[in-house]
Structure formats: structure tokens, C-alpha cells
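Peer 1: Going by my numbering, the sequence shown runs without a break in its numbering and finishes at 975.
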Amino acid sequence: MKTLIRNAQVVRPLGVESVSVLVEGAKIAAIDPAVHTHADRIVDATGLHLIPGVIDDQVHFREPGAVHKEDLRTATRACAKGGVTTFFDMPNTQPTTTTQEALQQKLALAAQKSLVNYGFYLGATEHNVQELRRGHRTPGIKIFIGSSTGDLLVDGQEALEQIFCETSLPICAHCEDETTIRENRARWGDGSDVSQHSRIRDHRAALVATNRAMDLAMRHRHRFHVLHVSTAAEIPVLASCRPYVTAEACPHHLFFTVDDYQRLGTRVQMNPSVKTHEDGMALWQALHNLDIQVIATDHAPHTLEEKARPYPNSPSGLPAVENSLALMLNQVHLGRCTLSQVVHWMCDAPARVWDLMHKGRIEPGYDADLVLVDLQKKATILDSQQLTKCGWSPWHGTTLTGWPVSTWVMGHEVYRNGSVDDSRCGHEALFDHARGGYWSTA
Ligand code: DOR
């Protein structure tokens, strides 16, 4: 099957070109093919932009174990709508993904259920270094240096030293310091007001844990990715730790602040907590400077019933895969960044950080994971229209300009103008860790 996407504004690393793209099977066969090239299907993309599919390197899709919140089918329907063509799922499922066997079971499940391409992290515990050493078919190792949803936590220095010393897969971590959180809780109490969450999981908790992880990464010369950076204070640390360290920001830390607790309550309760307007501005600046290279969602669905429990019994996390690209396209519309930057942060950079093969760019020979976006399209996010099983969005009521209109996964058009085609599954993501990560590739 050959598809010609004709006359798109194609976003490539060296700029935006008005060209046609030929897709053959699961691959991009040619850019600007000869005028008379045969195609089985022609898509007229005049007036639209074609970008590589979004690679979301941090999601919590809840399967196995909490499929009342989300499962691989509902989550990936949401991905298709949102322009996310590859996801990497976190290990805090039930059971946790802390053995190669558990990881392979998730891969087998995804092969049956996921509409987009998939990868799964191997989770670290205080005692599973042997498993982490033999880990494969994975983007890397995830450490919770600071607990969040579930009970995965590695806080002991000896265990952390061993993981950084004895393993070779890239590592990423949730950085919030347990001791600081405990001290804050003892000092302030949990209270029943959700805004307390940002006082308990405060700036210091984030900075202490990030500093601790940086020290490990630098001493052991181990590739390390800081997940969901939330404070201005962490940024200078990141910049000083190249070439071992890369970092990620999430839409919720870019768009929400502590002031939003009043309007949104536990809907904006997440870990790391939301911080101040100044922190958000610093994250934007760090993205512009490439001190932070990746934008990912930390999609963490919980039902509204669970969210309605009084704080601190309400769970942390919010859904986002279905709107993350549109939220960023709206920023392009507002002039805060360019479409090329969005493609760098959401497509090219995550592919490079995790040594993902054949993805993140529109080049001949790359996988045909593509998204057509309409930068003029205006629509409002509504809870009632969300495809995520949890059925709500913290951005409910927000009108955005710039939306994905078609999504292809390995050459198959999985989403077009409001309809998901769930007749085919995505593929397992492939990694070549010898490539050496973001700073070794251009
Ligand atoms: O708020 C969060 N929720 N942060 C995390 O790191 C985990 C996530 C979840 O799984 O619910």
C-alpha cells in the first residue's frame, strides 16, 4: 500500500518545506517523489503541517492492575487522537514491572491491545539489580527516588550506588526527596486543603533529590534522564551535568501553578507538585535553551470518584496524552515557540534520548509515524469528549488553536477527524543503546 501525502508543510530538522511525502507499507519511502509516482491513496494536505508522531516517554497506562482507570486500548485510542504514536509506560502497575518476565508480559499485552507503538521501562527496587542488569527490549530503568502512586521506591544510598554502578541501560528517575517530604509533613501536617500538597512536596524536595541523582550520574558516568522537572532551582544543576544528563518537562508544570488549586482542586494534584508562576517561566526558558530537551505528559489517570476523596486521600496524577500536542500547538499559535521547537521537544529529542530506532523524524527509511496538524483549527477540550477511560481533563473548557487531524502509526491511519480506526495494533519500539543518547547524536 502506497500513500502520497501531497503538498504538506513538512517539518524536518533543517526547516519546514512544502513537499509531498510517500509512505510505502510501514516506512517513509520518499520526500518529494517524482510527480507521476504511483500511489494507492492520495491525501491532499494543502494548508496542513506534517510532523513526526509524538513520542511520549512518560505515561502510566495502568494495565495490568488498575484497568478501572485506564487500559492499553483506551489509553492508545487517546494517543491516536492526540498525535502520540509511541509511548513508554512506567513500571508502577500491579504487578510492578520489576523483572524481565513482567516486562515481556506487558509487551505481549500491548501487541494485542495497543493502537500505537509501545515500550515499557524496567522498574528498580532496592533488591533487583540482577534483573536490571539483564534487562532488554526496554528504553531503560526507572527509579522512584521519592514515592508516588504505588510502592516503588529506592531511597537507600547503597542501593542507588549499586544501580548506577552495576547497570548499563539508561536510567530515569522521579526526583522528590522522601526525607524532606516526611519532614514537611511532620512540620505542616497533611491538612485537608489540597494546596498543602505543594508545601509538603516543595521546592526543596525536588532539588535535594535531583542533586542526589545528578551526583550519582556524574560519579558513575551513567546516562540519566530527569523526569518532570518542576522547579527553577533544578535547572542550573541540569545544565552543569552534560553530557550524561537530559531532562523532561510536562505540560501541567508549564501551564498550571499553585494558584490553580482554588479553581481545579485535586484535579491538579500531582507528583511532583505544581509550583509557582516563576518556576513555570523558568521551565519555558530551559526548553528554549535546551537545558530541558523533552516534553512528555506523565499521563496518570485516576477516576473522578478517586479524585473526589478529601485530600490527602485523593490520588496524584492527571490524564494528558490526548491534549498534549494541541496544548503545544496552541503555544505556537500564541507565538511562544515555533512548530519546529515543538517537534524537537516531543518527537526528535525523546527518540534520541532513548536511542529509539527509525523514529522522531520525517526522513526516507524512517517509520511512517506521522501526524497531520491543522494550525488554524480551534476546538475546546471537554470532559465529555475525552477518550481516556477516566473521562476528564484538567484542561476542560480550554479552547485551543492548533489540533492534530490525522495520525498514522507504521503507515496505518489510526485517527482521522474524530474517528479512531482500531483494526490494527502498533509495534514494539526498538532501541539501539550503543548509539549513546541525546548528546551523541545530532
Ligand atoms: O502524580 C503522579 N502520578 N506522579 C507520578 O509520578 C505517578 C503518577 C501515577 O502513577 O499516578
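Each residue gets a CB set at the ideal place from its N, CA and C atoms; glycine is no exception.
Nothing here was measured: the structure is a model prediction, and the numbers come from that model.
(1) If you draw a straight line from the alpha carbon of F757 to that of H571, how long is it in whole angstroms?
(2) Do the stretch 884-903 and the stretch 802-822 make contact, defined as three or more Cβ pairs closer than 8 Å?
(3) With a 10 Å radius around its C-beta and 16 neighbouring C-beta atoms as the bar for buried, classify R666 as buried or exposed.
(4) Beta carbon of S847: closer than 7 Å to some heavy atom of ligand 1?
(5) Determine whether the Cβ of H929 lies closer than 8 Å to any Cβ atom of chain D.
(6) Please state the DSSP three-state secondary structure of T619.
(7) Less than 8 Å between the C-beta atoms of M623 and H669, yes or no?
(8) Can you find a heavy atom of ligand 1 that lies under 7 Å from the Cβ of S681?
(9) Using the Cβ count rule (16 or more neighbours within 10 Å means buried), how would you classify W721?
(10) Report back the beta-carbon spacing between K911 and T940 to the nearest angstrom; my notes put them in contact at under 8 Å.
(11) Quick one, are the C-beta atoms of A782 and H736 less than 8 Å apart?
(12) Give me whichever residues DSSP pairs with S978 in a beta bridge.
(13) Per DSSP, W941 forms a beta bridge with which residues?
(14) Less than 8 Å separating the beta-carbons of L640 and L655?
(15) Excluding five sequence neighbours on each side, which residues of the same chain lie with their C-beta closer than 7 Å to the C-beta of L816?
(16) What is the rounded straight-line gap between the Cα of L851 and the Cα of P834?
(17) Which residue from D792, E855, L642, L823 puts its Cα closest to that of T913?
(18) Can you list, in chain order, the residues of its chain whose CB lies under 6 Å from that of Q591, leaving out five sequence neighbours each side?
(19) Quick one: complete beta strand (DSSP E) runs, 3+ long, within the stretch 752-804?
(20) Just to confirm, is the Cβ distance from S849 to S701 under 8 Å?
(21) Give every residue of the same chain whose Cβ lies closer than 6 Å to the Cβ of R574, excluding the five residues on either side of it in the sequence, and list them in chain order.
(22) Classify S773 as buried or exposed, calling it buried when 16 or more other Cβ atoms lie within 10 Å of its own Cβ.
(23) Helix, strand or coil, according to DSSP, for W972 in the structure here?
(24) What does DSSP give as the partner residue(s) for H582 in the beta ladder?
(25) Report all residues from its chain with a CB closer than 8 Å to the CB of Y844; omit the five preceding and five following residues, and keep chain order.
(26) Run through the stretch 663-722 for me and flag every whole beta strand (DSSP E) of 3 or more residues, listed as ranges in chain order.
(27) Taking just the CA atoms, how far does L820 sit from S973?
(28) Consult DSSP for L872 and reduce its assignment to one of helix, strand or coil.
(29) So for T632, helix, strand or coil by DSSP?
(30) Following the continuous alpha helix (DSSP H) through L858, name the residue where it begins and the one where it ends.
(31) Of the residues V649, R539, T871, which one's Cα is nearest the Cα of V568?
(32) Can the beta-carbon of L862 be found less than 8 Å from the beta-carbon of L908?
(33) Quick check: is any heavy atom of ligand 1 less than 7 Å from the C-beta of D831?
(34) Using the DSSP secondary-structure output, state which residues sit across from K922 in a beta bridge.
(35) What residues in its chain sit with their C-beta under 7 Å from that of T713, if we drop five residues either side in the sequence?
(36) For the stretch 868-884 and the stretch 947-954, state whether three or more C-beta atom pairs, one from each stretch, are separated by less than 8 Å.
Peer 2: Straight from the coordinates:
(1) 46 Å
(2) no
(3) exposed
(4) no
(5) The structure shown contains no chain D; it is built from a single protein chain.
(6) In the three-state reduction of the DSSP assignment, T619 falls in the strand class.
(7) no
(8) yes
(9) exposed
(10) That belief does not hold up - the Cβ atoms of K911 and T940 are roughly 19 Å apart, past 8 Å.
(11) Contact flag unset, no.
(12) For the chain, the structure presents residues 534 to 975; residue 978 sits outside this window and is missing.
(13) L903, E946
(14) No, the pair does not count as a contact, with Cβ atoms beyond the cut-off.
(15) V762, A782, H786, L787, I825
(16) 5 Å
(17) E855
(18) L760, A829, D831
(19) 757-759, 778-782
(20) no
(21) T536
(22) exposed
(23) helix
(24) Paired residues: Q542, V906.
(25) Cβ contact annotation for Y844 (same chain, cutoff 8 Å, sequence separation greater than five): D723, G724, S725, D726, V727, Q729, H730, T799, Q802, in chain order.
(26) 674-678, 704-708
(27) 19 Å
(28) When secondary structure is reduced to three states using DSSP, L872 falls in the helix class.
(29) Of the three classes helix, strand and coil, the one that applies to T632 here is coil, per DSSP.
(30) Segment 857-867, the alpha helix (DSSP H) holding L858.
(31) R539
(32) yes
(33) yes
(34) Answer by DSSP bridge pairing: none, since K922 is not bridged.
(35) R737, A738, V741
(36) no
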